[in-house]
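Trainee:
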Amino acid sequence: MIFYYSATGNSFWMAKKISDVQNDTLISVTDELKNGKPLNYSIKNNETLGFVFPVHAWNPPNTLLHFIKKMNITGYMGQYTYAVATCGNSSGNTMNVLKRTLSKKDITLNSQWEIKMPNNYLPLGDIDSRDKQEAKLKIAKKKIAHINTAIKSCIAEQRLCKGSFSFFKTSVMGSLFHKFAMGTSPFYVTSNCISCGLCEKICLSGVISMKNGKPVWTGKTCDQCGACINRCPKKAIQYGKKTSSRGRYCHPIYKEKN
Ligand SMILES: Cc1cc2nc3c(=O)[nH]c(=O)nc-3n(C[C@H](O)[C@H](O)[C@H](O)COP(=O)(O)O)c2cc1C
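Structural data, given as C-alpha cells:
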C-alpha cells in the first residue's frame, strides 16, 4: 500500500514507479480526504507500507501529516515501512518529523529516501533551468531502480538530502513558513484564464472554486503545494508580484493527465 501526495507530479512519478514494480496499490491522500469517507485501511501480512511526498519548507506537507494523524490501519504488525520524499535541494529534518508522526500511530519507518527533483516552488525563486531539470530526472531514474530493489528485499536504508542547518531549517524556518506563508490572499487570476476549471480540479487543499468561470480561493490558507500556479495551461494564475516573470514546472507524467 503506497500513500502519496503530489502537486506537480514528481512524487506521483516516484510512487507510480514503485507501484509498477512492486505491484502495489497507489492511494492519493488528498483524494481520500476530499472523498470524506472514513480513513480506514487494512494491510496484509506480506504487504509493505509506503509514503511518497514532496518536502514543503523542510517538513512533510501539512495535509500529509493531518492524514496520517486521522488514518486507521488495521493488520499492521511491523510490516516493512518506507518513505520517499522528493525535494528541490534540501530536506532538513523532514524525515524525523514524519517518523515522529508515524510513531504516534505505532508505525516504525524502516527506510527513508530523499531524491532531488525539479523545484516547483515559485514565490521565492524561479524553476530550475531545463538542463538542471533533465539532470535531476536522469539521476532520479537510477535512484528509483535502487529503491525498488531495496523495497523488494525489505532492506532498511537511509539516504537523505538534509543539507546544512537541518534542525534550524525544519524547526525554525519551517515553522515560520507553516505559520505565516500559507495564506491564499496573494493568489490571483489574470485575463489569460480560459475558465477550464483545471485549477479547481487539481487543488490539493480543495480551496479553489469556479465562480462566474474564474477561480476563487475560498479558504484563507492552503498547502501552497504549487499545483494551480504551475499547471494552469495559460499561466493565468499568479502569486504576488514576482511570479509573472517566472517559469512553470510540471512533471511530464502530470502533463499527460491534464
Ligand atoms: C510550499 C513548498 C515548499 C517547498 N519547500 C522545499 C524545501 O524546503 N526544500 C526543497 O528542497 N524543496 C522544496 N520545495 C520543492 C519541492 O519539494 C519539489 O519540487 C518536489 O519534488 C515537488 O513534488 P511534487 O511535484 O510531487 O509536488 C517546496 C515546494 C513547495 C510547493
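Using my numbering, read the sequence shown as starting at 1243 and increasing by one per residue.
We put the CB at the ideal spot given by N, CA and C, even for glycine.
1. Taking only the alpha-carbon atoms, compute the straight-line gap between Ala1257 and His1388 and give it to the nearest angstrom.
2. Output needed for Val1458: all residues of its chain with C-beta closer than 6 Å, excluding positions within five of it in sequence on either side, in chain order.
3. Do Phe1429 and Tyr1229 come within 8 Å of each other at the CB atom, strictly closer than that value?
4. Compute the minimum distance between the beta carbon of Asn1314 and the heavy atoms of ligand 1, and state whether it is under 7 Å.
5. Classify Phe1429 as helix, strand or coil using the three-state DSSP reduction.
6. Could you pull the start and end residues of the alpha helix (DSSP H) that Gly1292 belongs to?
7. Given a threshold of 16 other Cβ atoms within 10 Å of its Cβ, counted over all protein chains shown, does Gln1466 qualify as buried or as exposed?
8. Give the straight-line distance between the Cα atoms of Pro1360 and Ala1377, rounded to the nearest whole angstrom.
9. Taking only runs of the alpha helix (DSSP H) that begin and end inside the region 1344–1411, which ones reach a length of at least 4 residues, in chain order?
10. Among the residues of its own chain, which have a CB less than 8 Å from the CB of Tyr1318, if the five just before and after it don't count?
Mentor: This is what the structure gives:
1. 14 Å
2. Ser1451
3. Not covered by the structure: residue 1229. The range shown for the chain is 1243 to 1500.
4. no
5. strand
6. Counting along the chain, Gly1292 falls outside any alpha helix (DSSP H), though it belongs to the beta strand (DSSP E) covering 1291–1296.
7. buried
8. 9 Å
9. 1372–1394
10. Ile1285, Leu1291, Asp1348, Ile1349
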